[in-house]
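First residue of the sequence shown: 72, per the working numbering; consecutive thereafter. In this text, a Cβ means the ideal position worked out from N, Cα and C, and glycines have one as well. Taking it in order: structure first as structure tokens, then the write-up.
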Amino acid sequence: MTQTDSPLVLAVPSKGRLQENANAFFARAGLDVVRGRGLRDYRGTLAGLEGVEIAFLSASEIVQQLASGAAHMGVTGEDLVRESLPDADARVELLTPLGFGHANVVVAVPQAWIDVRSMADLEDVAAAFRARRGERMRVATKYVHLTRTYFAEACVTDYRIVESLGATEGAPAAGQAELIVDITTTGATLAANALKVLDDGVMLRSEANLVASVAADWTPSARQKARAILARIAAEEEARTSREVRAVVAGDKAAMAREAADAFGARAIFGTPAEGPLTLLCGHKKVAALADWLVSRGAEHVTVGSLDYVFGARNPLYDKLCARIG
72 MTQTDSPLVL AVPSKGRLQE NANAFFARAG LDVVRGRGLR DYRGTLAGLE GVEIAFLSAS
132 EIVQQLASGA AHMGVTGEDL VRESLPDADA RVELLTPLGF GHANVVVAVP QAWIDVRSMA
192 DLEDVAAAFR ARRGERMRVA TKYVHLTRTY FAEACVTDYR IVESLGATEG APAAGQAELI
252 VDITTTGATL AANALKVLDD GVMLRSEANL VASVAADWTP SARQKARAIL ARIAAEEEAR
312 TSREVRAVVA GDKAAMAREA ADAFGARAIF GTPAEGPLTL LCGHKKVAAL ADWLVSRGAE
372 HVTVGSLDYV FGARNPLYDK LCARIG
């Protein structure tokens, strides 16, 4: 296979809820992930889009493949990107959050520490711990890089990291550490282990992202495939977050469309013909206000419709990718 027709490699999670959500995400964009010969096959394709190779990997492996350039794009959590790649912003581009895999990386201390509510309080505790015991306070975590960076920014210095290999939330009760840095979705597991999150202890609000590699070989063929994928993703996202609003109104429709754009961020689609309804595209959160406004401008009825895709001449996701890879 020549350089010009080499495939674009898209890395997706190989199992679990992340895989299910990633497959559903691509399916909504009209891109069905097809796994070769079954669950044990670690290569696949995107139905209807030739020249794309799917690599089924663990979420942490995806980060390494993106960093090395072995994969062009991939789906993985921002927490793994930030932890695994200290220079993440130089090596990859987070193109868009995907709306699943939500979790926070947090600093959690024992609930019995009733006077410890903030990172500033934690520094006081660390200094007292060192003075009293002659040793540094222990922080159990899998997020070594994120912890060091966040603690340095908060001027907390008197501590040492105990790398956690198992259930991090159990470390304080087991006497392995005084506090933890861990990932949580609801906080229920922390509470069950008599831990609380500091008021300013949310280090990172993470979710799954579509991530692009800066180091990958972005041949013309790979760019073409990326543009096709990102066009569909952008079109589905625009449709999911927008509604088509139609109303029959009298007067200058072009002027009314400009007013709707200024007031509600709406934009006219299919032009603004003198005859027929005014048709606008509006963010779903502002639809009711726009409908009220159109009624106040003489519309007898306002209809609102959902859309499958909204393709445009400009693709913001592809523009973002090109800005990084040149």
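Using the C-alpha atoms, what's the distance from residue j back to residue i?
{"i": "GLU132", "j": "ALA174", "result": "19 Å"}
{"i": "VAL180", "j": "ALA286", "result": "39 Å"}
{"i": "PRO387", "j": "ALA225", "result": "35 Å"}
{"i": "MET72", "j": "VAL282", "result": "The pLDDT assigned to MET72 is 45, lower than 50, so where the model puts this residue is not dependable, and the model offers no usable value."}
{"i": "LEU120", "j": "LYS324", "result": "40 Å"}
{"i": "CYS339", "j": "GLU330", "result": "The question names Cys, yet the displayed sequence has Ala at residue 339. ALA339 and GLU330: Cα-Cα distance of roughly 11 Å."}
{"i": "VAL123", "j": "ILE185", "result": "54 Å"}
{"i": "SER377", "j": "LEU301", "result": "21 Å"}
{"i": "LYS213", "j": "VAL187", "result": "23 Å"}
{"i": "ALA59", "j": "ASN280", "result": "For residue 59 there is no data in the structure shown, the boundaries of the chain being 72 and 397."}
{"i": "PHE96", "j": "ARG368", "result": "39 Å"}
{"i": "GLU91", "j": "ASP103", "result": "12 Å"}
{"i": "ALA337", "j": "ALA262", "result": "44 Å"}
{"i": "ARG162", "j": "LYS356", "result": "35 Å"}
{"i": "ALA394", "j": "GLU164", "result": "10 Å"}
{"i": "ALA198", "j": "TRP364", "result": "60 Å"}
{"i": "GLU206", "j": "ASP160", "result": "35 Å"}
{"i": "CYS353", "j": "LEU156", "result": "38 Å"}
{"i": "THR257", "j": "LEU89", "result": "17 Å"}
Taking 8 Å as the cut-off, decide whether the C-beta atoms of residue i and residue j are in contact.
{"i": "MET274", "j": "GLU249", "result": "no"}
{"i": "ILE125", "j": "LEU117", "result": "yes"}
{"i": "VAL83", "j": "PHE127", "result": "yes"}
{"i": "TYR113", "j": "SER77", "result": "no"}
{"i": "THR374", "j": "ARG317", "result": "yes"}
{"i": "ARG303", "j": "GLY101", "result": "yes"}
{"i": "ARG314", "j": "VAL358", "result": "yes"}
{"i": "MET190", "j": "GLY272", "result": "yes"}
{"i": "LEU351", "j": "ALA328", "result": "yes"}
{"i": "LEU392", "j": "ALA299", "result": "no"}
{"i": "ALA259", "j": "PHE382", "result": "no"}
{"i": "LEU269", "j": "VAL178", "result": "yes"}
{"i": "ILE21", "j": "THR218", "result": "Residue coverage of the chain in this structure runs from 72 to 397, which leaves residue 21 outside it and unanswerable."}
From the options, pick the residue whose C-alpha is nearest to that of residue i; which is it?
{"i": "LEU361", "options": "ALA100, ALA384, LEU156, ALA332", "result": "ALA332"}
{"i": "GLU371", "options": "PRO348, SER235, VAL358", "result": "PRO348"}
{"i": "ARG204", "options": "ASP229, ASP192, ILE185", "result": "ASP229"}
{"i": "LYS267", "options": "GLU278, ASN280, ARG276, ILE251", "result": "ILE251"}
{"i": "ILE254", "options": "SER139, TRP289, SER284, THR239", "result": "THR239"}
{"i": "PHE171", "options": "GLU149, GLU154, ARG188", "result": "GLU149"}
{"i": "ALA141", "options": "ILE300, VAL80, ASP363", "result": "VAL80"}
{"i": "GLU278", "options": "LEU166, ARG368, ALA244, ASP103", "result": "LEU166"}
{"i": "ILE396", "options": "ALA293, GLU330, ALA326", "result": "ALA293"}
{"i": "ALA334", "options": "ILE340, ALA326, PHE341", "result": "ALA326"}
{"i": "GLY145", "options": "ALA161, GLU154, PRO168, ASP158", "result": "PRO168"}
{"i": "TRP289", "options": "GLY115, ASP158, TYR389", "result": "TYR389"}
{"i": "GLN247", "options": "LEU236, THR256, THR257", "result": "LEU236"}
{"i": "GLY241", "options": "HIS216, TYR221, ALA211", "result": "ALA211"}
{"i": "VAL134", "options": "SER284, PHE382, GLY354", "result": "SER284"}
{"i": "LEU193", "options": "GLU164, VAL227, THR220, ALA223", "result": "VAL227"}
{"i": "ASP158", "options": "CYS353, GLU346, HIS216", "result": "HIS216"}
{"i": "PHE222", "options": "GLU164, VAL176, LEU156, GLN295", "result": "VAL176"}
{"i": "ALA321", "options": "HIS143, ALA394, GLU346", "result": "GLU346"}
{"i": "ALA93", "options": "SER139, THR147, GLY115", "result": "THR147"}
{"i": "ASN264", "options": "THR256, ALA245, ARG276", "result": "ALA245"}
{"i": "HIS143", "options": "ASP363, TYR380, GLN295", "result": "GLN295"}
Residue range of the alpha helix (DSSP H) that residue i falls in?
{"i": "ALA179", "result": "Counting along the chain, ALA179 falls outside any alpha helix (DSSP H), though it belongs to the beta strand (DSSP E) covering 174–181."}
{"i": "LEU217", "result": "215–224"}
{"i": "ASN92", "result": "87–99"}
{"i": "PHE335", "result": "324–335"}
{"i": "ALA118", "result": "It is not in any alpha helix (DSSP H) - ALA118 carries neither H nor E in the DSSP assignment."}
{"i": "THR260", "result": "259–263"}
{"i": "PRO291", "result": "291–311"}
Span of the beta strand (DSSP E) holding residue i?
{"i": "TYR230", "result": "230–234"}
{"i": "ILE254", "result": "250–255"}
{"i": "SER284", "result": "279–284"}
{"i": "ARG209", "result": "208–212"}
{"i": "LEU365", "result": "That residue, LEU365, is in no beta strand (DSSP E); its alpha helix (DSSP H) goes 358–367."}
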